[in-house]
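Student: So the sequences go chain by chain: C and X.
The first sequence lines up with residues 64 to 354 when you count with this note's numbering.
The second sequence lines up with residues 1033 to 1397 when you count with this note's numbering.
Where is the CB? At the ideal position from N, CA and C, for every residue including glycine.
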Amino acid sequence: MEKTVNQRAWLLVLPVLVLVAFSSIIPMMTVVNYSFQDSFGENIFFWVGLEWYQELLRSERLWDALGRQLLFSFIILMIEIPLGILVALSMPKKGISASICLVLMSLPLLIPYNVVGTIWQVFGRADIGLLGRTLSDLGISYNYSQNAFDAWVTVIIMDVWHWTSLVALLAYAGLRSIPKPYYQAAMIDQASRWNVFRYIELPKMRGVLMIAILLRFMDSFMIYTEPFVLTGGGPGNATTFLSIDLVKMALGQFDLGPAAAFSLMYFLVILLISYVFYTVMITIDKDEAKQ
Amino acid sequence: MSLRLHGISKISNGETHIYATDLELQKGTMNVLLGPTSSGKTSLMRLMAGLDRPDTGKVFWDNVDVTKKRVQDRDISMVYQQFVNYPSMTVYDNIASPLKLQKKSAAEIDAKVQEMAELLKLTSILDRKPNEISGGQQQRCAMARALAKDVGLVLMDEPLANLDYKLREELRLEIPRLFDASGSIFVYATTEPEEALLLGGNTATLWNGRVTQYGKAMDVYRNPVDETTARVYSDPPMNFVSVQKDGAVVHFPNGQTTILNDDLARLPNGEYRAGFRAHHLEMSDGQSDAVEFAAKLIVTELTGSDTYIHVNARDERWIGLIPGLQTFEVGQVLKISLDPKNIFFFDKDKKLVASPNHEPEKSGA
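Written as structure tokens, this is what we have:
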């Protein structure tokens, strides 16, 4: 049979091409453009080459923000993943109570970021907030707007409150997919509760946990709204994570060139870390399979 | 060693899964629980294992009441339809796991694992993980794990159901060998009469939560106590037709008759059910003593060497197994015949009154 040439097929992919071009490619290329140029307003641009990149890499500002960001993501992963698993393990397995639990668990996920920020901002205020007032009445000094440690604790608690249920729901789904005979076989083997967790539940949850870690890492690495609502990145620069720093640079100082270079590097860092993480997990999986 | 179930029953969510059942299994016997899906095979096994508590009755192990004993403290192991192994452990560690939990010495564990691996042909894949070996190997691994413990009671719940045809046949031939090597009580659940006959030993037929008969595989096959048992222990299910007995003459609904021998002639007159297995239905060759029927063909199934015919003979739907590959037209009226020697007779209460080989033994059950 002869091959039919039908160029009209291009028409069918055209809408997608247009959509992707306007939503992703053109804005992205604009940022790339900015990152190699300098502007003094009035839409006049000068080519500066890699200057912004070199300047940023030499500046402490970027490295400090990156350090804070990595520490933050690390802490919330260390809390949310084990806590989420623990919550999933203690959730009822079936019946009406399981449904109620699932609904309650998904409630925090439905609340917008800025609302979460506002809730905790008010909740923690030393003058009118329930938490802040209670703590100060108990004689515990707590003030997120002046104490860097308190601000960190508040942002972390906010994130844990907001997102642990996502990890719990994913882990719960993983647990529910384990066939009952596994538990019975373990019971017959006289395996302890810990062994059941270590040798059945954890390996069987591996896939969903990988997704949970990846999602929580990427999302926490881009955290913006919560610290912005709480202290605007303060006190000082204590909670100035990468996005907050970026917005300060782009909108606060209107340094479009450096900000563009910053966003591209930010993007590459997230891409790189996610890629490394994913590759490592896949390799471990393969190695384990080979052994 | 013996396992005795005394009047145990299981009801959950208002539904009776097992009606009061008595059963005694002796040491070193192979016991097949034969019944269709949801007839209570798994429920009964779970009660034997102690995974479920019976609602009534008691379970005795060597005449000691173990009804309330936890499954962890019982001397059992179990193989499931799904291939259940620890996913992150190698085949070696999987087989060794129950022994480790029993705190056996390393040398003892190693010797046992090697022995099991040898028996189940796993020696070359001991260092692999369950997800990189075939389904058949995974199930062998699960069996090795179950047998490594040297327990008194080994429960196998349709262990071959998830395997493909070839692997199933291969593994099925090995089970009697494993059983001989273990000396335990084996309980093996299956839906296939063929498997029950192949494994031999004893068969307990189940239907809707009741054990309808328990005895030597051959005895149950040859003398099913009632219609239900006969149906369960035939694949395809046994065919039936209502007949009228008048003295020594049996009248079939289509007017055909056959003469009974003296023993059977003494049975009270009246309505009986005649049952016969698929392979006893033949294409009529005009033989004088065979009962002939005209039957309309509904479906034919070719197996490669034989042909299953589904036919309507008056009000009854029958399935026959005819040797050779037959090319019948659907809707065609076939002349089929039945040798009266092969007929089981059941009375109005569906109890067996006569089987083709000999009459059923008198028993209280």
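According to DSSP, is valine 1111 of chain X part of a helix, a strand, or is it coil?
Tutor: Of the three classes helix, strand and coil, the one that applies to valine 1111 of chain X here is strand, per DSSP.
Student: Going by the DSSP bridge assignment, what does proline 1355 of chain X pair with across the sheet?
Tutor: DSSP lists X/Asp1338 as partners of proline 1355 of chain X.
Student: Going by DSSP, name the residue or residues bridged to aspartate 1278 of chain X.
Tutor: Note: aspartate 1278 of chain X sits in a beta bridge opposite X/Val1281.
Student: Could you give the C-beta distance for aspartate 1212 of chain X and methionine 1110 of chain X, rounded to a whole number, given that I count them as a contact under 8 angstroms?
Tutor: With a Cβ gap of about 20 angstroms, aspartate 1212 of chain X and methionine 1110 of chain X do not count as contacting.
Student: Going straight from the alpha carbon of leucine 165 of chain C to that of arginine 131 of chain C, what length do you get?
Tutor: Using only the alpha carbons, I get a separation of about 33 angstroms.
Student: Would you say alanine 1327 of chain X and alanine 1310 of chain X are within 8 angstroms of each other, going by their C-beta atoms?
Tutor: No. Outside cutoff.
Student: I believe serine 1041 of chain X touches leucine 1057 of chain X by the beta-carbon criterion, under 8 angstroms. Please report the beta-carbon distance rounded to the nearest angstrom.
Tutor: About 18 angstroms separates the two Cβ atoms, so there is no contact after all.
Student: Tell me whether valine 310 of chain C, by its Cβ, gets closer than 7 angstroms to a heavy atom of the ligand FAD.
Tutor: In the structure on display, the ligand FAD does not appear, and there are no ligands present to speak of.
Student: Could you say if the stretch 1220-1240 of chain X and the stretch 1051-1069 of chain X meet the contact criterion of at least three C-beta pairs nearer than 8 angstroms?
Tutor: With a cut-off of 8 angstroms, the stretch 1051-1069 of chain X and the stretch 1220-1240 of chain X count as touching, because enough Cβ pairs lie within range.
Student: Ends of the alpha helix (DSSP H) at methionine 268 of chain C?
Tutor: That run of the alpha helix (DSSP H) goes 265-284.
Student: In terms of alpha-carbon separation, which member of X/Asn1117, X/Leu1055, X/Leu1205, X/Pro1256 lies closest to methionine 1080 of chain X?
Tutor: Ranking X/Asn1117, X/Leu1055, X/Leu1205, X/Pro1256 by Cα distance to methionine 1080 of chain X puts X/Leu1055 first.
Student: Count the other CB atoms within 10 Å of the CB of arginine 279 of chain C; is the residue buried (16 or more) or exposed (fewer)?
Tutor: Buried is the call here.
Student: Closer than 7 angstroms between beta carbons: that is the criterion. Which residues of the stretch 242-266 of chain C meet it against chain A?
Tutor: No chain A is present in this structure, whose protein chains are C and X.
Student: Along the chain, where does the alpha helix (DSSP H) that runs through phenylalanine 1218 of chain X open and close?
Tutor: No alpha helix (DSSP H) contains phenylalanine 1218 of chain X, which is instead part of the beta strand (DSSP E) from 1217-1222.
Student: Using the C-alpha atoms, what's the distance from glutamate 1201 of chain X back to aspartate 1347 of chain X?
Tutor: Distance between the alpha carbons of aspartate 1347 of chain X and glutamate 1201 of chain X is about 37 angstroms.
Student: Can you give me the C-alpha to C-alpha distance between valine 1257 of chain X and alanine 1143 of chain X, rounded to a whole angstrom?
Tutor: Whole-angstrom Cα-Cα distance: 47 angstroms.
Student: Should valine 179 of chain C and threonine 302 of chain C be called a contact, given that it needs their Cβ atoms to be closer than 8 angstroms?
Tutor: The answer is no: Cβ separation not under 8 angstroms.
Student: Establish whether the CB of methionine 1121 of chain X and some CB of chain C are separated by less than 8 angstroms.
Tutor: It does: the Cβ of methionine 1121 of chain X has a partner Cβ on chain C nearer than 8 angstroms.
Student: What residues from chain C crowd round methionine 1110 of chain X, counting only those whose CB sits closer than 9 angstroms?
Tutor: Here the neighbours are Pro244, Gln247, Ala248, Ile251.
Student: Is there a C-beta anywhere in chain C that falls below 8 angstroms from the one on serine 1337 of chain X?
Tutor: Not closer than 8 angstroms to any Cβ of chain C, the Cβ of serine 1337 of chain X fails to qualify, so no.
Student: Report the rounded CA-to-CA distance for phenylalanine 304 of chain C versus valine 332 of chain C, giving the unit in angstroms.
Tutor: Between phenylalanine 304 of chain C and valine 332 of chain C, the C-alpha separation is close to 14 angstroms.
Student: Output yes if chain C places a C-beta closer than 8 angstroms to the C-beta of proline 1285 of chain X; else output no.
Tutor: Cβ-Cβ to chain C under 8 angstroms: no for proline 1285 of chain X.
Student: If you run the structure through DSSP and keep just helix, strand and coil, what is glutamate 1391 of chain X?
Tutor: The predicted position of glutamate 1391 of chain X is uncertain, since its pLDDT is 48 and thus under 50; no value can be drawn from it.
Student: The alpha helix (DSSP H) that contains glutamine 1169 of chain X, what's its start and end?
Tutor: Start and end: 1167-1180.
Student: So the candidates are X/Gln1169, X/Arg1263, X/Asp1182; which of them puts its Cα closest to the Cα of glycine 1307 of chain X?
Tutor: It is X/Arg1263 whose Cα lies nearest to the Cα of glycine 1307 of chain X.
Student: Does the Cβ-Cβ distance between glutamate 1324 of chain X and serine 1274 of chain X come in under 8 angstroms?
Tutor: No. Outside cutoff.
Student: Pick out whichever of X/Gln1134, X/Leu1229, X/Val1365, X/Ser1337 has its Cα sitting closest to the Cα of glutamine 1358 of chain X.
Tutor: Measuring from the Cα of glutamine 1358 of chain X, the nearest candidate turns out to be X/Ser1337.
Student: Would you kindly work out how many angstroms separate the C-alpha atoms of histidine 1342 of chain X and lysine 1277 of chain X, rounded to a whole number?
Tutor: When rounded, the distance between both Cα atoms is 27 angstroms.
Student: With a Cβ-Cβ cutoff of 8 angstroms, do methionine 1062 of chain X and leucine 1187 of chain X count as a contact?
Tutor: Going by C-beta atoms, methionine 1062 of chain X is not nearer than 8 angstroms to leucine 1187 of chain X.
Student: Looking only at its own chain, which residues have a Cβ that is under 6 angstroms from the Cβ of aspartate 101 of chain C, when we skip the five neighbours before and after it?
Tutor: Closer than 6 angstroms at Cβ, skipping near neighbours: Phe109, Val111, Gly320.
Student: Would you grab the beta carbon distance between aspartate 1267 of chain X and glutamate 1333 of chain X for me? Rounded to a whole angstrom, and I think it's under 8 angstroms.
Tutor: Not quite, the Cβ-Cβ distance comes to about 13 angstroms (not below 8 angstroms), so this is no contact.
Student: My output table needs one value for aspartate 318 of chain C: the three-state DSSP class, helix, strand or coil.
Tutor: Coil.
Student: What did DSSP end up calling phenylalanine 340 of chain C once you bin it into helix, strand or coil?
Tutor: Of the three classes helix, strand and coil, the one that applies to phenylalanine 340 of chain C here is helix, per DSSP.
Student: Are there 16 or more other CB atoms within 10 angstroms of the CB of phenylalanine 1284 of chain X, so buried, or fewer, so exposed?
Tutor: Result: buried.
Student: Give the range of the alpha helix (DSSP H) segment to which asparagine 1234 of chain X is assigned.
Tutor: Unbroken run through asparagine 1234 of chain X is the beta strand (DSSP E), 1234-1239; no alpha helix (DSSP H).
Student: Candidates C/Trp126, C/Lys243, C/Asn300, C/Gln117: which alpha carbon is nearest tyrosine 207 of chain C's?
Tutor: Of C/Trp126, C/Lys243, C/Asn300, C/Gln117, the residue nearest in Cα terms is C/Asn300.
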